[in-house]
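Peer 1: For our numbering, add 3 to where a residue sits in the sequence shown, where the first one is 1.
For each residue, glycine too, the CB sits at the ideal point set by N, CA and C.
Values in this document were obtained by computation on a predicted structure and should not be read as measured data.
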Amino acid sequence: MTTIVLAEDRATVRQIVRLLLEDQPDFTVVGEASNGNEAICLVNEVKPEVLVLDLMLGDMTGFEVTPRVKEGSPQTKVVIFSIYGNNSYVLRAQRAGADGYVRKKTPDKLATAIREVAAGGQYFP
């Protein structure tokens, strides 16, 4: 079972993504965060296998959250889940230490990305 923390500032989007993830028999969502600081604290506490991270949170960006997550929980893989699809965002996410990047307009790819990074790979389509 792949353990996941979901960080998204909009509650409605967070609920929808949680339902999408919990529909997968091999995923379990072990926590949710509504901002970057909550995400960092929660990941450090529960040490999930994967953090699904919105790029633009209220208090910080996913670019700022990712290295702090990696510092406190190096085994946690980070998948950025964002409306932004420009290659410069993807490259910046990679440089920050993200393991995968999925655009919100392609939510069907999120499960594939999570499985890929949980298995030790990367997902940057």
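Using C-beta distances below 6 angstroms, list every residue in its chain close to E98, excluding the 5 sequence neighbours before and after it, in chain order.
Peer 2: Indexing the sequence shown from 1 puts residue 98 at position 95. Looking at the sequence shown, residue 98 is not Glu but Arg. Cβ within range, chain order: n/a, list empty.
Peer 1: Can you look up Y126 in the DSSP assignment and give me helix, strand or coil?
Peer 2: Position 123 of the sequence shown, counted from the first residue, corresponds to residue 126. It is a strand residue.
Peer 1: Restricting to runs no shorter than 3 residues, where is the beta strand (DSSP E) found entirely within the segment 30-86?
Peer 2: 30-36, 53-56, 80-85
Peer 1: Count the other CB atoms within 10 Å of the CB of K80; is the residue buried (16 or more) or exposed (fewer)?
Peer 2: One-based indexing of the sequence shown puts residue 80 at position 77. It is buried - the Cβ of K80 has at least 16 other Cβ atoms within 10 Å.
Peer 1: Check the Cβ-Cβ distances between D57 and every residue of chain D, and say whether any is below 7 angstroms.
Peer 2: Looking for chain D here will not work: only one protein chain is present.
Peer 1: Helix, strand or coil: how does DSSP classify T6 here?
Peer 2: The count along the sequence shown starts at 1 and reaches residue 6 at position 3. Correct three-state label for T6: strand.
Peer 1: Give me, in chain order, the residues of the same chain whose beta-carbon lies closer than 7 angstroms to that of A114; leave out the 5 immediate sequence neighbours on both sides.
Peer 2: Counting from one through the sequence shown, the residue named residue 114 turns up at place 111. So the qualifying residues of the chain are Q27.
Peer 1: Taking the CB atoms as reference points, tell me whether V68 and G39 lie closer together than 7 angstroms.
Peer 2: Position 65 of the sequence shown, counted from the first residue, corresponds to residue 68. Position 36 of the sequence shown, counted from the first residue, corresponds to residue 39. Their beta carbons are under 7 angstroms apart, which means V68 touches G39 by this criterion.
Peer 1: Taking only three categories from DSSP, how would you classify R17?
Peer 2: By one-based count along the sequence shown, residue 17 stands at place 14. Note: R17 maps to helix in three-state DSSP.
Peer 1: Using a Cβ-Cβ cutoff of less than 8 angstroms, which residues in the same chain neighbour A121 once the five nearest sequence positions on both sides are dropped?
Peer 2: Locating residue 121 in the sequence shown gives position 118, where the first residue counts as 1. The residues are T5, E52, V53, K80.
Peer 1: Tell me which residue opens and which closes the beta strand (DSSP E) that G103 is part of.
Peer 2: Taking the sequence shown and counting its residues from 1, the one referred to as residue 103 is at position 100. Where G103 is concerned, the enclosing beta strand (DSSP E) stretches over 103-106.
Peer 1: Nearest by alpha-carbon distance to D12: which of D57, R71, P128 is it?
Peer 2: The sequence position of residue 12 within the sequence shown is 9, counting from 1. Of the candidates D57, R71, P128, the one whose C-alpha sits nearest the C-alpha of D12 is D57.
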